[in-house]
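Novice:
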Amino acid sequence: MEASKRHEMMEKIMAEKFGIPPELSAVLKTHKYKGTTFNGMSPPQILDAIPDFETREEDVFITSYPKSGKQLIDNYG
529 MEASKRHEMM
539 EKIMAEKFGI
549 PPELSAVLKT
559 HKYKGTTFNG
569 MSPPQILDAI
579 PDFETREEDV
589 FITSYPKSGK
599 QLIDNYG
């Protein structure tokens, strides 16, 4: 099944079963970037900027596995 058909099917399921409107399901859309598949939360223009991103000594990066409570941690910030 091609990606666009798969995405349409997922949008329909998300809307019917979970009440999530199609405009909120952008994260379901995927794209390839340099051979790796990314979701809609990582558009190519953001990925293009990563090699030039300059970090500072005081920068803190918080990373986590999906569904591991990151939302809770965000609310403490």
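Last residue of the sequence shown: 605 (the working numbering), numbering continuous.
Where is the CB? At the ideal position from N, CA and C, for every residue including glycine.
#1: Under a Cβ-count criterion, where at least 16 other Cβ atoms within 10 Å of its own Cβ denotes burial, should glutamate 539 be classed as buried or exposed?
#2: Enumerated in chain order, which unbroken segments of the alpha helix (DSSP H) with a length of 4 residues or greater are wholly contained in the segment 529–567?
#3: Excluding sequence positions up to five away, which residues of its chain have a Cβ less than 6 angstroms from the Cβ of isoleucine 548?
#4: Give the straight-line distance between the Cα atoms of methionine 537 and serine 570, rounded to the nearest whole angstrom.
#5: Would you report the Cα separation of glutamate 551 and valine 588, rounded to the nearest angstrom?
#6: Under 8 angstroms by Cβ, that's how I've got threonine 558 and threonine 565 pegged, so tell me the actual separation to the nearest angstrom.
#7: Helix, strand or coil, according to DSSP, for isoleucine 574 in the structure here?
Specialist: With the structure as the only source:
#1: Working through the sequence shown from its first residue, we reach residue 539 at position 11. Classification for glutamate 539: buried.
#2: 531–546
#3: For this step, residue 548 is matched to residue 20 along the sequence shown. Counting only Cβ-Cβ distances below 6 angstroms, and skipping sequence neighbours, we find Met542.
#4: Numbered from 1 along the sequence shown, position 9 holds the residue referred to as residue 537. Numbered from 1 along the sequence shown, position 42 holds the residue referred to as residue 570. Going from the Cα of methionine 537 to the Cα of serine 570 covers about 21 angstroms.
#5: For the purposes of this step, residue 551 is taken as the residue at position 23 of the sequence shown. For the purposes of this step, residue 588 is taken as the residue at position 60 of the sequence shown. Cα to Cα, glutamate 551 sits roughly 31 angstroms from valine 588.
#6: Here residue 558 refers to the residue found at position 30 of the sequence shown. Here residue 565 refers to the residue found at position 37 of the sequence shown. The Cβ separation is near 5 angstroms, so the contact holds.
#7: Reading the sequence shown from its first residue, position 46 is the one you call residue 574. Isoleucine 574: helix per DSSP, three-state reduction.
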